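With the working numbering, the residue at position 51 of the sequence shown is 211, and numbering never jumps. Just so you know, even glycine gets a beta-carbon here, dropped at the ideal spot from N, CA and C. As the structure is a computational prediction, the values presented were derived from the model and not from experiment. Below is one structure; the comments refer to it alone.
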Amino acid sequence: MRKIFIGVAIITIILTVFLIFNHKQLPTKDDVFKITNNWSPTTEEVYLVRKIDGEWLTIFRNTHSIMIARLEQNWLGYWEMILEAKLH
């Protein structure tokens with residue numbers, strides 16, 4: 161019984177540290193490339209990843225257009241993209 165309790169406590173601590181670490185990470189250009197990795201056409205360049213008025217925004221382009229998107233963290237702390245505008 162004691163081993164089970166210690167095992168559960170260790171797993172809880174590891175998951176808590178993982179979540180805290182992920183939520184403290186700021187978005188980077190690499191995050192934008194990872195999010196858009198499976199898009200067609202692929203992202204060629206990320207111009208901007210910046211916090212503006214409390215929102216994380218990114219500007220990037222592919223072969224056809226320039227896009228503006230908002231970045232949000234999910235409950236695991238990974239960054240997700242919400243497409244806001246597409247400029248042709």
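### Task
Please find out if some non-hydrogen atom of the ligand ZN comes closer than 8 Å to the beta-carbon of Leu179.
The model depicted lacks the ligand ZN and carries no ligand whatsoever.
### Task
Can you give me the start and stop residues for the beta strand (DSSP E) that Lys211 sits inside?
Counting from 1 along the sequence shown, the entry for residue 211 is found at position 51. Unbroken beta strand (DSSP E) run through Lys211: Glu205 to Ile212.
### Query
Under three-state DSSP, which class holds Lys246?
Along the sequence shown, one-based indexing puts residue 246 at 86. Note: Lys246 maps to strand in three-state DSSP.
### Message
Between which two residues does the alpha helix (DSSP H) holding Trp175 run?
### Response
Working through the sequence shown from its first residue, we reach residue 175 at position 15. For the sequence presented, residue 175 should be read as Leu rather than Trp. That run of the alpha helix (DSSP H) goes Arg162 to His183.
### Query
Considering only residues of the same chain and omitting the five flanking positions on each side of Phe123, which have a CB-CB separation below 8 Å?
In the structure displayed, the chain extends from 161 to 248; residue 123 sits before or after that span and is not available.
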